[in-house]
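Undergrad: Got a structure for you, questions after.
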Amino acid sequence: MQIHENYSLKDYNTFGLDAKARFFVAINSVAELQRILADNSYPNKFILGGGSNMLITQDINALVIHINIKGIFIENEDDSRVELKVMAGENWHEMVLWTLERDFGGLENMSLIPGNTGTAPVQNIGAYGVELKDVFVGCEAIRRADQELVYFSKEDCRFGYRDSFFKNEGKDKYVITSIILRLTKKNHAINTSYGAINEELERNHCKSPTIKDISNAVITIRNSKLPNPKELGNSGSFFKNPVISKEVFEEFIAKYPEAPFYKVSEEAYKIPAGWLIEQSGFKGKRFGDAGVHVKQALVLVNYGSATGNDILNLAHMIIEEVRIKFGFTIEPEVNLIK
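Right under this line is the structure:
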């Protein structure tokens, strides 16, 4: 392990923000991670995965530990299902492509989600009608207090909408080192519940889609809406879609009958945050080098030299305008490092 001083994190966050780490180390095994966590020479430690779901607003005065543990292993399988152990440093989308090459089904709707697998359970990532929890078996994590390797079942993780135990009681207490997924080998459950997928399949005259067809449709849709972080700094969806009560929804939809929505339960409705932001006049707006993407209002972007605080100030401006216009609050999906 080589420890660097005053190390730029520009290549380690998808916003492309040039914040610096006081110290930086990339670790490549669970044993290395246990050793560095036990090292009291660096009292302040910051865990960094793929850097895709974070906004850094200042230099990080700590030892930044970049999780770079690789490997995909088949743990169990039978004729119909397979369980994979995926190490935390694997790129999510590359892992999805690995499963598709072997005709393992379950992740196709989550193609092209940025970031690494180790942070997937923290957010309970999801897209186009599928969430991580739908294929998740468990994960292993190191407890930072004593460097012990601990197993968490799906129930232990307490998944919610873009939420989990690791964002609440377990925040900053564990470092996920691997996840275990259960995927199908045949009789795949094709999920086309989102209209955009059906539209793309129809455009390609695909009447009996395979899991690869679903993945290709999702990739096409995402590429048409979302900027490539390597070309334009962003973290994907910056805000969560707000979930509101039936009472608030009825008042809202009476005033905005054209608004899209999704019924979560008899008492709760989800409103697309992108629609709310667009209706508030922010789509395509630019404030210096911080802006809202021209094709997708849910995405905040760095046009080149924006700072984390520039983007954070824009986020606060959007939150306030949406609150004033619609009467409820949208929240960031990304982790704010400040």
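Numbering-wise (UniProt numbering), the sequence shown opens with residue 1 and increments by one. Don't be surprised by glycine CBs; every beta carbon is placed ideally from N, CA and C. In this text the structure is predicted, and so the values were computed from the model without any measurement.
1) Out of curiosity, what's the CA-to-CA distance linking arginine 144 and valine 86?
2) Taking DSSP as the reference, what is the three-state secondary structure of valine 122?
3) Where does proline 260 land, buried or exposed, given buried means 16+ other C-beta within 10 angstroms?
4) Report back the beta-carbon spacing between isoleucine 190 and isoleucine 221 to the nearest angstrom; my notes put them in contact at under 8 Å.
5) Measuring CB atoms only, is the stretch 240-252 touching the stretch 217-231, in the sense that at least three cross pairs come out at less than 8 Å?
6) Drop a sphere of 10 angstroms on the beta-carbon of asparagine 116, count the other beta-carbons inside from all chains shown, and report buried for 16 or more, exposed for fewer.
7) Which ranges would you report for the beta strand (DSSP E) in the stretch 37-121 if only whole runs of at least 3 residues count?
8) Return helix, strand or coil for glutamate 333, following the three-state DSSP convention.
9) DSSP state of valine 248, grouped into three classes?
10) Can you look up valine 301 in the DSSP assignment and give me helix, strand or coil?
11) I'd like to know if the stretch 260-276 and the stretch 52-62 are in contact, where contact means that at least 3 CB-CB pairs between them fall below 8 Å.
12) Does DSSP put lysine 325 in a helix, in a strand, or in coil?
13) Which residues mark the beginning and the end of the beta strand (DSSP E) in which lysine 22 is found?
14) So if DSSP puts lysine 270 in a beta bridge, which residue, or which two residues, is it bridged to?
15) Quick one, are the C-beta atoms of valine 322 and leucine 276 less than 9 Å apart?
16) Answer with buried or exposed for leucine 201, where buried requires no fewer than 16 other C-beta atoms within 10 angstroms of its C-beta.
17) Using 8 Å as the Cβ pair cut-off and three pairs as the minimum, do the stretch 18-32 and the stretch 112-129 touch?
18) Could you pull out every residue in the same chain whose Cβ sits closer than 7 Å to the Cβ of alanine 217, ignoring the five residues on either side in sequence?
19) Report, in whole angstroms, the separation of the C-beta atoms of proline 227 and asparagine 234, which I expect to be a contact under 8 Å.
20) Three or more C-beta pairs closer than 8 Å, one from the stretch 164-171 and one from the stretch 270-285: is that the case here?
21) CA-CA distance, asparagine 302 and glutamate 231?
22) Restricting to runs no shorter than 3 residues, where is the beta strand (DSSP E) found entirely within the stretch 173-258?
23) Kindly identify the DSSP beta-bridge partner or partners of alanine 141.
24) Whose C-beta lies closer than 7 Å to the C-beta of residue 394 among residues of the same chain, with five residues either side of it excluded?
25) To which residues of the same chain is isoleucine 72 closer than 7 Å at the C-beta, ignoring the five residues directly before and after it?
26) In this structure, how does DSSP classify glutamate 278 when only helix, strand and coil are distinguished?
27) Using 8 Å as the cut-off, classify the Cβ of aspartate 172 as near or not near the heavy atoms of the ligand SAH, replying yes or no.
28) Could you check which residue in Gln2, Glu75, Gln123, Lys185 has the C-alpha nearest to that of phenylalanine 159?
29) Let me confirm a value: glutamate 101 is counted as buried when at least 16 other C-beta atoms fall within 10 Å, else exposed. Which label applies?
TA: Inspection of the coordinates gives the following:
1) One-based indexing of the sequence shown puts residue 144 at position 144. One-based indexing of the sequence shown puts residue 86 at position 86. Valine 86 has its alpha-carbon roughly 21 Å from the corresponding atom of arginine 144.
2) Looking up residue 122 in the sequence shown gives position 122. In the structure shown, valine 122 falls within a helical segment according to DSSP collapsed to helix, strand and coil.
3) On the sequence shown, position 260 is the one that residue 260 refers to. Exposed: under 16 other Cβ atoms inside 10 Å.
4) For the purposes of this step, residue 190 is identified with residue 190 of the sequence shown, where counting begins at 1. For the purposes of this step, residue 221 is identified with residue 221 of the sequence shown, where counting begins at 1. Incorrect: roughly 16 Å between the Cβ atoms, too far for contact.
5) no
6) Position 116 of the sequence shown, counted from the start, is the residue given in the question as residue 116. So asparagine 116 counts as buried.
7) 45-48, 54-56, 60-67, 72-77, 81-87
8) Sequence index remark: in the sequence shown, residue 333 carries index 333 (1-based). Coil.
9) For the purposes of this step, residue 248 is identified with residue 248 of the sequence shown, where counting begins at 1. Helix.
10) In the sequence shown, residue 301 corresponds to position 301, counting from 1. Note: valine 301 maps to strand in three-state DSSP.
11) The stretch 260-276 is not in contact with the stretch 52-62.
12) Translated into the one-based positions of the sequence shown, residue 325 becomes position 325. Reduced to three states, the DSSP call for lysine 325 is helix.
13) Counting from one through the sequence shown, the residue named residue 22 turns up at place 22. What sits at residue 22 in the sequence shown is arginine, not lysine. Where arginine 22 is concerned, the enclosing beta strand (DSSP E) stretches over 20-27.
14) What you label residue 270 is simply residue 270 of the sequence shown in a count that begins at 1. In DSSP, lysine 270 forms a bridge with Val243, Tyr262.
15) As a first step, residue 322 is located in the sequence shown; it is residue number 322 there, counting from the start. As a first step, residue 276 is located in the sequence shown; it is residue number 276 there, counting from the start. Yes. Within cutoff.
16) Counting from one through the sequence shown, the residue named residue 201 turns up at place 201. Buried: at least 16 other Cβ atoms inside 10 Å.
17) Contact check between the stretch 18-32 and the stretch 112-129: fewer than three CB pairs, one atom from each, fall below 8 Å, which does not count as touching.
18) On the sequence shown, residue 217 is found 217 positions in, with the first residue counted as 1. If we look at alanine 217 and ignore the five residues flanking it on each side, its Cβ neighbours are Ile197, Glu200, Leu201.
19) Here residue 227 refers to the residue found at position 227 of the sequence shown. Here residue 234 refers to the residue found at position 234 of the sequence shown. Yes, proline 227 and asparagine 234 are in contact; Cβ-Cβ is about 6 Å, under 8 Å.
20) no
21) Here residue 302 corresponds to residue number 302 of the sequence shown, with the count starting at 1. Here residue 231 corresponds to residue number 231 of the sequence shown, with the count starting at 1. Going from the Cα of asparagine 302 to the Cα of glutamate 231 covers about 10 Å.
22) 174-184, 243-245
23) For the purposes of this step, residue 141 is taken as residue 141 along the sequence shown, with counting starting at 1. Answer is Val150, Ile176, bridged to alanine 141.
24) Residue 394 cannot be examined here, being either before or after the span of the chain that is shown, 1 to 338.
25) On the sequence shown, residue 72 is found 72 positions in, with the first residue counted as 1. Excluding positions up to five away in sequence, the list reads Leu84, Val86, Glu90, Met95, Trp98.
26) If you number the sequence shown from 1, residue 278 lands on position 278. Three-state result, glutamate 278: helix.
27) The model on display carries no ligand, and the ligand SAH is accordingly not part of it.
28) For this step, residue 159 is matched to residue 159 along the sequence shown. It is Gln123 whose Cα lies nearest to the Cα of phenylalanine 159.
29) Sequence index remark: in the sequence shown, residue 101 carries index 101 (1-based). With fewer than 16 other CB atoms across the displayed protein chains lying within 10 angstroms of its CB, glutamate 101 is exposed.
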